[in-house]
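Down below is the structure, laid out as structure tokens.
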Amino acid sequence: MHHILIPTDFSGTALNAVNYALSFYKGERCAFHFLNTYTPDFVHSRVMALAHGGNQAEDAMQMASEEGLRNLIESLSAQEMYSHHEFHSVSSFNLLSEEVKEQVAHYPIDMIVSGTTGASGIKEVFLGSNTVRILRAASDRPVLVIPRAARFRDAIKIGLVTDFGVPYSSDQIEAILEFQNKLDAQLEVMHIGSPASLTGFQELHKHQLFLELERAAPRMRWCKHQSSKAQAIEDYLESSSVEMLIMIRNDHHLVDEWLREPVVKRVAFHTNVPMLVLPPVQP
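At position 192 of the sequence shown the residue is numbered 192 (full-length UniProt numbering), and the sequence of numbers has no breaks.
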């Protein structure tokens, strides 16, 4: 059984992420864990601890959190198409990033699905920041980022962005093939650089990747260097008709460069393209 963690604030953006995850796992036995944290994320943990003695404002936030989760699960449970799914809820007075870590530690979470607005505006920045926090807090779990305007579709084109820097694990290959198969997708491997620029090790890792993805018949695409890797990926998304992006986290990988670059929001949170971030090879 798959275990999927979905942080939610009950917004339309969060509900869209829920709908996407339900569509992706349609017909499979899954346990969906819906998480709502009701402490503002900018509150320092020490201040939060001092305030945890209980007050009317906190009680009201707790009631709203629990009611929102209850309404969400009741709505989903009433639909026959979801009868084979399990729905669980977690309402927590905690920082979102810390609670995500706790959930991953206590449950066999296979994937985290996070909604983001994919548009400009103050609220977008807040939700985008939360997604970045989730990526940092759960670096050892796959994270699927679903923009607000994204809708579940199959028969799409998936872009796998990689630097061929390290060997690929069986878990990474399995995840890529799972998405390619479930989405009936054309798979394209994108590298920022040219064939002539690859080192011997990169050539070896590229050969391994294409060998293990052979049944998906991946295509290769080379992209020119830009002012930043994030900019190169943004240009790739605009020119390639890719409808989902897959990236793999490895040491010194461009995912972590993204998290340090302000331009990340232009790519990950200003697009309608879902993004799957896979964890690095586990030691």
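All C-beta atoms, glycine included, are put in the ideal place defined by N, C-alpha and C.
Values in this document were obtained by computation on a predicted structure and should not be read as measured data.
In the three-state reduction of the DSSP assignment, Gln-79 falls in the coil class. The beta-carbon distance between Leu-35 and Leu-15, rounded to whole angstroms, is 14 Å. This is too long to meet the 8 Å contact definition. Approximately 6 Å separates the beta-carbon atoms of Ile-156 and Leu-183; this is inside 8 Å, confirming the contact. Per DSSP, reduced to three states, the secondary structure at Ser-239 is helical.
Just so you know, the alpha carbons of Pro-167 and Leu-204 end up roughly 8 Å apart. Bounds of the beta strand (DSSP E) holding Ala-31 are 30 to 37.
Counting C-beta pairs closer than 8 Å gives fewer than three between the segment 132 to 141 and the segment 214 to 221, which falls short of the contact rule. The beta carbon of His-3 lies closer than 7 Å to those of Ala-31, His-33, Tyr-107, Pro-108, Ile-109, Asp-110 in the same chain, with the five residues before and after it left out.
In this structure, Tyr-20 sits near Ile-146, with a CB-CB distance shorter than 7 Å. In the DSSP assignment, Met-190 is bridged to Val-161, Arg-221.
A Cβ-Cβ separation of about 6 Å places Val-277 in contact with Arg-249 under the 8 Å criterion. Assignment of Ile-109 by DSSP, reduced to helix, strand and coil, places it in the coil class. Comparing alpha-carbon positions, the option among Glu-74, Leu-211, Asp-163, Pro-279 lying closest to Gln-202 turns out to be Asp-163.
Between the C-alpha atoms of Ser-92 and Glu-66 there is a straight-line separation of about 9 Å. Asn-130 counts as buried, since at least 16 other C-beta atoms from the protein chains shown sit within 10 angstroms of its C-beta.
In chain order, Leu-5, His-33, Leu-35, Val-90, Ile-109 place their CB closer than 7 Å to the CB of Gln-103, counting only its own chain and leaving out the 5 sequence neighbours on each side. Here the alpha carbon of Tyr-82 sits roughly 23 Å from the alpha carbon of Pro-142. Across the set Ala-185, Ile-176, Ser-11, Gln-208, the C-alpha of Gln-208 shows the shortest separation from the C-alpha of Gly-165.
Taken atom to atom, the span from the alpha-carbon of Gln-226 to that of Ile-134 is near 27 Å. Around the beta carbon of Ser-114, 16 or more other beta carbons sit within 10 angstroms, so the residue counts as buried. Beta-bridge partners assigned by DSSP to Gly-115: Ile-146. Listed as beta-bridge partners of Glu-178 by DSSP are no residues whatsoever. The shortest C-alpha to C-alpha distance from Glu-178 to any of Val-18, Asp-9, Glu-28 is the one to Glu-28. Exposed is the label assigned to Pro-195, since fewer than 16 other Cβ atoms lie within 10 Å of its Cβ. By the Cβ neighbour-count rule, Leu-211 is exposed, with fewer than 16 other Cβ atoms within 10 Å of its own. DSSP places Leu-5 in the uninterrupted beta strand (DSSP E) bounded by 2 to 7. Rounded to whole angstroms, the separation of the alpha carbons of Ala-175 and Gln-79 is 28 Å. Within the same chain, and ignoring the five residues on either side of Gln-62 in sequence, no residue has its Cβ closer than 6 Å to its Cβ. The secondary-structure analysis by DSSP pairs Val-277 across a beta bridge with Val-143, Met-247.
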